[in-house]
Amino acid sequence: MSEISTLEHRAYRIRRFALRMGEVQGQGYIGQALGWADVLAVAYCHAMKLNPDSPEWEGRDRFLLSHGHYAIAHYAALIEAGVIPESELETYGSDDSRLPMSGMATYTPGMEISGGSLGQGLPIAVGMALALKHKKNPAFVYNSMSDGELDEGSTWEAAMSAAHHSLDNLICLVDINKQQADGPSPKVLGFEPLHDKWAAFGWHVQRLDGNDLPAVLKAFDVARSLGDAKPRVILFDTLMGKGVPFLETREKNHFIRVDPPEWQQALAVLDQSRPYMQLEGAPT
Amino acid sequence: MNTATAKKPRLTTSAMIASIATEGQRVKAAPFGKALVELAANRPEIVGLTADLAKYTDLHLFAQAYPERFYQMGMAEQLLMASAGGMAKEGLIPFATTYAVFGTRRAYDFIHQVIAEENLNVKICCALPGLTTGYGPSHQATEDIAMMRGVPGLTIIDPCDALDLEQAVPQIAAHNGPVYMRLLRGQVPLVLDEVPGYSFELGKAKLLRDGADVLIISSGIMTMRALEVAQVLGADNIDVAVLHSPTIKPLDEAAILEAVRYKNRLVVVAENHSVIGGLGEAVASTLLRQRVQPAGFQLAGLPDAFLDAGALPTLHDRYGISREALAARIKGWL
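Sequence order for the protein chains is A and B. Counting in this note's numbering, the first sequence runs from 1114 upward without gaps. Counting in this note's numbering, the second sequence runs from 875 upward without gaps.
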């Protein structure tokens, strides 16, 4: 398989793991997980340096999940990357599980920060990027965040600071699915024009379809290889529920409703979109 | 206007960075900054960060000594706390400075979630504690301890003077976990070197003097006041003991119980902080839980109110924390 096909396969598996966790708990931010899976596949299976057997390896690239509610997506990526065993997804959201509903650093291997109080990831990333430079460690810091976090002042404090300190080891990944708790992002608090805003704050900016995997791959490569002494942001326009058509078209909301029988239906629909997997032995 | 008031010199609002030392008092310059510079000489993992207040927190000395370890984060306290957390995650020991009002009120969630929830090794050092500026509530951190006491796992220090500060710096750096320290900057009074055998010990309260009639339990600059008040009341044959508790959390409950139990004294808790949620309530809770009943119990803290602007001596008199006002309050309670 080409690298693109391999990564598409990985993204498919990440979606599948997320749906299985959603079924365990009967809930979860599955719309976001399906929409963000392509970005996670490229991050974890192409771009990032990591050692699955040693999640705290000093040479790793740091991936900060600022939007802690995307934990279901992040766990799926960590399973795909071999950091968390697949069998553990059965514990998702249960008492004493290492996989709580919102991501927390103290619970989960590979979870760098306790996100969830939105707008904290990017300023933490600034501190980590400064410290890595201080230690002469060439690792990258990736901050994964939602578009709702663009409402938070702390995000822009950090954006200004990252440029001020020329943090070329910082890559910010923004999921623009345009859905917030109270409705469509443009109605909650208009944040456009985002490209111009980030550029004005001194960042290298790319904006693309976050579900166009070849484009996502290219954007990561550009961000990593750029010569400018600037922080980099990649703005990904994504579709919530991507890969499961009946969820893609469901009335859009921050939290997509999924009825109990629909988890299995979603898995079936997802599997149908990847028939060749049946030949290779589909993940269970 | 009568002649008496017309002749009284008009007190003006003290400068923001004015020393809290009274005229003629012995002082030491920038004890925090100097102690940090000295400590960092052998501790390469110590870094300094500030939110545009290096000069006003004595961190400029660190910045001058170690420019490659100093980070100016701009006037952005949320970023200050979160990035300090990020640095601690990478193994550094960040000392983050600003004013107490901004560090606590504005950046609370960042201290709570980024720093404390992961028990990160960040030392938050905040100047202008309590009523140490006449600029009004925007700059008067009268509830910082109440807020910080609510954060699990956070160690809270309220040093009295230059000696406390310079001895606290290496100890909070050696402590593994987050610390909130109230900072006195500039020309800082020096008083505890006159107490025989005294040294700052993280987590310990120390009896500075004994006395049969009244026990003042105090922290921060109120310990300095308590020692002065003990002299004043001594002249009236009122015998005052002073227990200095610079560590507010975890509180040295054993020392407090020991000082109160079986002594039958009036207990007064003196603090440069609102009577809500500070040392006074912490002591009261300790005594009640342990069923230790003093002869009387009073809170000599700042009122639960937005305080006035003005000259510090005026305000300390008005709110009962000057030497004279505190002595008068205690006499009234006896």
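From the three backbone atoms N, C-alpha and C, an ideal C-beta is built for every residue, glycine too.
Who are residue i's beta bridge partners in DSSP?
{"i": "residue 967/B", "result": "920/B"}
{"i": "residue 1296/A", "result": "1293/A"}
{"i": "residue 1138/A", "result": "According to DSSP, which records beta bridges pairwise, residue 1138/A is partnered with nothing at all."}
{"i": "residue 1063/B", "result": "901/B"}
{"i": "residue 1053/B", "result": "997/B, 1029/B"}
{"i": "residue 1118/B", "result": "1080/B, 1092/B"}
{"i": "residue 1284/A", "result": "1255/A, 1345/A"}
Could you compute how far the alpha carbon of residue i sits from the alpha carbon of residue j?
{"i": "residue 1382/A", "j": "residue 1355/A", "result": "11 Å"}
{"i": "residue 947/B", "j": "residue 1137/B", "result": "51 Å"}
{"i": "residue 1232/A", "j": "residue 1197/B", "result": "46 Å"}
{"i": "residue 1260/A", "j": "residue 1297/A", "result": "11 Å"}
{"i": "residue 1276/A", "j": "residue 1174/A", "result": "20 Å"}
{"i": "residue 944/B", "j": "residue 1160/A", "result": "31 Å"}
{"i": "residue 1123/A", "j": "residue 1115/A", "result": "12 Å"}
{"i": "residue 998/B", "j": "residue 1362/A", "result": "49 Å"}
{"i": "residue 1270/A", "j": "residue 953/B", "result": "6 Å"}
{"i": "residue 1111/B", "j": "residue 1069/B", "result": "21 Å"}
{"i": "residue 1237/A", "j": "residue 1366/A", "result": "29 Å"}
{"i": "residue 1392/A", "j": "residue 1158/A", "result": "Bear in mind that the predicted position of residue 1392/A carries a pLDDT of just 45, short of 50, making it unreliable; the figure below should be weighed with that in mind. Between residue 1392/A and residue 1158/A, the C-alpha separation is close to 22 Å."}
{"i": "residue 1173/B", "j": "residue 1015/B", "result": "18 Å"}
{"i": "residue 1197/A", "j": "residue 1267/A", "result": "31 Å"}
{"i": "residue 906/B", "j": "residue 1169/B", "result": "39 Å"}
{"i": "residue 1179/A", "j": "residue 1066/B", "result": "46 Å"}
With a cut-off of 8 Å, does the C-beta of residue i fall near any C-beta of chain A?
{"i": "residue 910/B", "result": "no"}
{"i": "residue 948/B", "result": "yes"}
{"i": "residue 983/B", "result": "yes"}
{"i": "residue 1227/B", "result": "This structure gives no information on residue 1227/B, because the portion of chain B shown stretches from 875 to 1208."}
{"i": "residue 1014/B", "result": "no"}
{"i": "residue 988/B", "result": "yes"}
{"i": "residue 997/B", "result": "no"}
{"i": "residue 879/B", "result": "Note that residue 879/B has pLDDT 49, beneath the 50 cutoff, so the model's placement of it is unreliable and no number is given."}
{"i": "residue 1028/B", "result": "no"}
{"i": "residue 1072/B", "result": "no"}
{"i": "residue 966/B", "result": "yes"}
Taking C-beta pairs closer than 7 Å, name the residues in chain D that residue i reaches, listed in chain order.
{"i": "residue 1239/A", "result": "This model lacks chain D altogether; the protein chains it does include are A and B."}
Using the Cβ count rule (16 or more neighbours within 10 Å means buried), how would you classify residue i?
{"i": "residue 1018/B", "result": "buried"}
{"i": "residue 1024/B", "result": "exposed"}
{"i": "residue 1249/A", "result": "exposed"}
{"i": "residue 1180/B", "result": "exposed"}
{"i": "residue 886/B", "result": "exposed"}
{"i": "residue 1119/A", "result": "exposed"}
{"i": "residue 963/B", "result": "buried"}
{"i": "residue 900/B", "result": "exposed"}
{"i": "residue 949/B", "result": "exposed"}
Look up residue i in the DSSP assignment and say whether it is helix, strand or coil.
{"i": "residue 1136/B", "result": "coil"}
{"i": "residue 1145/B", "result": "strand"}
{"i": "residue 1353/A", "result": "coil"}
{"i": "residue 1317/A", "result": "strand"}
{"i": "residue 1331/A", "result": "helix"}
{"i": "residue 1257/A", "result": "strand"}
{"i": "residue 899/B", "result": "coil"}
{"i": "residue 1085/B", "result": "coil"}
{"i": "residue 1175/A", "result": "strand"}
{"i": "residue 1003/B", "result": "strand"}
{"i": "residue 973/B", "result": "strand"}
{"i": "residue 1096/B", "result": "helix"}
{"i": "residue 1229/A", "result": "coil"}
{"i": "residue 1301/A", "result": "helix"}
{"i": "residue 1150/B", "result": "coil"}
{"i": "residue 1310/A", "result": "helix"}
{"i": "residue 1246/A", "result": "helix"}
Does any CB atom of chain B fall closer than 8 Å to the CB of residue i?
{"i": "residue 1247/A", "result": "yes"}
{"i": "residue 1214/A", "result": "no"}
{"i": "residue 1312/A", "result": "no"}
{"i": "residue 1298/A", "result": "no"}
{"i": "residue 1243/A", "result": "yes"}
{"i": "residue 1236/A", "result": "yes"}
{"i": "residue 1271/A", "result": "yes"}
{"i": "residue 1233/A", "result": "yes"}
{"i": "residue 1218/A", "result": "yes"}
{"i": "residue 1207/A", "result": "no"}
{"i": "residue 1179/A", "result": "no"}
{"i": "residue 1279/A", "result": "no"}
{"i": "residue 1274/A", "result": "yes"}
{"i": "residue 1257/A", "result": "no"}
{"i": "residue 1167/A", "result": "no"}
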